[in-house]
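A.B. asks: So the sequence shown is numbered by the numbering used here: it starts at 1083 and just counts up by one. Ideal Cβ placement from N, Cα and C applies to all residues, glycine included. Quick one: this structure, given as C-alpha cells, is what I'll be asking you about.
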Amino acid sequence: MYLEDSKIIVIKIGSSLLIDDNRRIRKRWLSEFAKDIGELIEKSKKIIIVSSGAIAMGCKKLNLSKKNLKIDKSQAVASIGQIELMNLFLETFIKEKINISQILLTLEDTEQRRRALNAKRTFDNLFQLGFVPIINENDTIATTEIKYGDNDRLASRVAQISGADTLILLSDVAGLYTQNPKVFKNAKLLKEIKNIDKDIEKIATQSVSEHGTGGMKTKIEAAKICQLSGCRMVIANGLLMRPIKKIIDENYCTWFLPKISKLDARKKWIISSVSPKGEIVIDDGARQALSNGKSLLAAGIKKVSGKFKKGDHIKVLNKKNSECARGLSSFSSDEIIKIMGHHSKEIEKLLGYVTKSEVIHKDDMVEV
Ligand code: GLU
C-alpha cells in the first residue's frame, strides 16, 4: 500500500474541512485527524501539514464574509486568522501529544533554490526534534502577482522540496470522477492516473469544484509537479472522520503516480543547480569509484576551494580540473580541509564528533 511505504508524507487540508458552511469550527473532525497523524508518527512517518484556513478563521473572528474581500483587506484578515488557526491546531494536537510548529512560506521561498534548500533544512531539523511543521502561505505579505493563492500547488512544492514520498490532498470530494457525480449517476471515480492527458485535464475543468480557492484545476497542476518530483499524490475526501485511516482501509480516492523515481528527480534537481558553492578536486582512484556508482570518500580528495556548508551544492573536478560530477556535500568546506586524504575510519577522531562517512553520498551525486 502506498502510504505504508512512504517515509515522508505531506498532507494538505482545505479551509472547508476546518470550518463548515455555517462558520462552525469542525473541532471533532480535527481531533480525529490528529489521531490519524498520531498513528502515522507511531509508524515512524515524517509528517508535514499544509493547512489553509487563515482567511476563513479571520473572517469568522471579524464576522466578515469571505466573498468580495479585497486583497489588502484579506491580508489583514489572514494575519488575524492565522494565529487563531494555529491556536486551534495547538490545543487539538497537544491532546494527542503531537508537537507542532508553524512555517509561513511565500512563492519565492519555494521557487528560489537557496531558500528552498533552507526550507528543507528546517523541515529536517524539525523532524529530528520530533515536531510536525504546519505550513500556510504567508498571505499577510504576498500580493497577487507573487502569490500561490491556492495551497494545492504550494503543497506540491513542499512535497518536492522535502523529498516526500506522498502528497495527500484532502478535499471535499473523493477524487476525480469520469463525470460530475452530482449530475451523472454512473460517474466513476478514477482510481489511478499515470498520465495527465487532455482528457484528464478536461474532466478536471468540468468537475465539481470545492469551496476552497483551488478546485480540481489546481489539484491537477499539483499532480503534475508531483509526477516530476517522483512523489505520489492522492486526492481523497477529507470531510470524513479519520480521513487518512479511510485512505489506508478503503482506498476510495484518486492516486496520481509519479513519472520518474524520487532518486532521478533528486538527481535532476542537483544537476540543475545554478550556483554551486565550492569545488573539490579528486584523484584517479576516486574518479574511477564515482564512475562505478560509488560514493565520494575523504581519502580521494586532493583539494577544496570555496566556502560551503553541509548540504550545499558543490562541483567535483578531476585531476585536470574539469568537472566530472555535482553533488550535495555532507560536510562543510572547513571540515573537508581537515579530513581530506584520510580514511573514513579516521574522520570521527579528526573532527571530534560522529558524522557520516561519505563526503558526497552516491544518491546525492550526479556524474556530468
Ligand atoms: N492561504 C489561504 C488561507 O489560509 C488559503 C489558500 C487556499 O484556499 O488554498 O486562507
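1) If contacts are defined as beta-carbon pairs under 8 Å, then V1448 and R1408 qualify, I think. What distance do you get, rounded to the angstrom?
2) Measure the C-alpha to C-alpha separation of Y1230 and N1218 and round it to an integer number of angstroms.
3) Output the boundary residues of the beta strand (DSSP E) element that contains L1410.
4) Using a threshold of 7 Å, is the CB atom of D1232 nearer than that to any non-hydrogen atom of the ligand GLU?
5) Rounded to a whole number of angstroms, what is the C-alpha to C-alpha distance between S1439 and D1206?
6) What three-state label does DSSP hand A1318 in the structure shown?
7) Spatial neighbours of S1304 within its chain, please: CB distance less than 6 Å, with the 5 preceding and 5 following residues excluded, ordered by chain position.
8) For K1349, count the other beta carbons within 10 Å of its own beta carbon; 16 or more makes it buried, fewer makes it exposed. Which is it?
9) Does M1422 pass the burial test, meaning 16 or more other C-beta atoms within 10 Å, or should it be called exposed?
10) Distance check for R1203 and I1091, CA to CA, integer angstroms please.
11) Under 8 Å: do the stretch 1169-1181 and the stretch 1109-1120 share three or more Cβ pairs, one atom per stretch?
12) Roughly how many angstroms lie between the CA atoms of L1339 and K1276, to the nearest whole one?
13) Return yes when the Cβ of M1139 is within less than 8 Å of the Cβ of L1167, no when it is not.
14) Please state whether the Cβ-Cβ distance between C1141 and A1246 is less than 8 Å.
15) If you measure between the beta carbons of I1216 and Q1242, is that distance less than 8 Å?
16) Would you identify the three-state DSSP class for K1109, choosing helix, strand or coil?
17) Using the rule of at least 16 other Cβ atoms within 10 Å of the residue's Cβ for burial, across every protein chain shown, is L1410 buried or exposed?
18) Please classify E1292 as buried or exposed, where buried requires at least 16 other C-beta atoms within 10 Å of its C-beta.
19) If contacts are defined as beta-carbon pairs under 8 Å, then G1163 and S1253 qualify, I think. What distance do you get, rounded to the angstrom?
20) Do you know offhand how far A1158's Cα is from D1232's?
21) By the three-class DSSP mapping on this structure, what secondary structure does M1422 have?
22) Would you say the beta carbon of E1219 is closer than 7 Å to some non-hydrogen atom of the ligand GLU?
23) Would DSSP call F1338 helix, strand or coil?
24) Are the beta-carbon atoms belonging to K1089 and K1128 less than 8 Å from one another?
25) By the DSSP assignment, the alpha helix (DSSP H) with I1180 in it spans what residues?
26) For T1295, I'd like the list of residues in its chain whose CB is within less than 7 Å of its CB, leaving aside the five on either flank, ordered along the chain.
27) If you check the beta carbons only, do N1220 and L1170 fall under 8 Å apart?
28) Measure the C-alpha to C-alpha separation of I1278 and K1284 and round it to an integer number of angstroms.
29) Thinking C-alpha only, which one of D1365, A1318, L1310 is nearest A1347?
30) Rounded to whole angstroms, how far is the Cβ of R1324 from the Cβ of K1117, which I believe are closer than 8 Å?
31) Please report the Cβ distance between I1182 and A1160, rounded to the nearest whole angstrom; I am assuming they are in contact, meaning their Cβ atoms lie under 8 Å.
32) Restricting to Cα atoms, I'd like to know which of M1083, S1133, D1102, N1104 is closest to K1094.
33) How is the alpha helix (DSSP H) around M1080 delimited, first residue to last?
34) Could you check what DSSP says for V1240 in three-state terms: helix, strand or coil?
35) Alpha carbon to alpha carbon, what distance is there between M1083 and I1329?
36) For a test of your reading of the model: does the CB of A1136 fall under 7 Å from any non-hydrogen atom of the ligand GLU? Yes or no.
C.D. replies: In this structure, then:
1) 6 Å
2) 10 Å
3) 1405-1410
4) yes
5) 19 Å
6) strand
7) With the sequence shown as reference, residue 1304 is identified as Ala, and Ser is not the correct amino acid for it. Correct list, in chain order: D1234, R1235, S1238.
8) buried
9) buried
10) 16 Å
11) yes
12) 5 Å
13) yes
14) no
15) no
16) helix
17) buried
18) Note on E1292: pLDDT 44, under 50, position unreliable in the model; no value is reported.
19) Not a contact, Cβ separation roughly 21 Å.
20) 18 Å
21) coil
22) yes
23) strand
24) yes
25) No alpha helix (DSSP H) holds I1180; DSSP gives it neither H nor E.
26) For T1295, the pLDDT reaches just 46, beneath the cut-off of 50, and the residue's location in the model is therefore unreliable, although a value from the coordinates is still provided. Answer for T1295: G1231, D1232, listed in chain order.
27) no
28) 10 Å
29) L1310
30) 7 Å
31) The pair is not a contact, with the Cβ atoms about 19 Å apart (cut-off 8 Å).
32) S1133
33) Residue numbering for the chain in the displayed model covers 1083 to 1450; residue 1080 lies beyond these limits and cannot be assessed.
34) helix
35) 10 Å
36) yes
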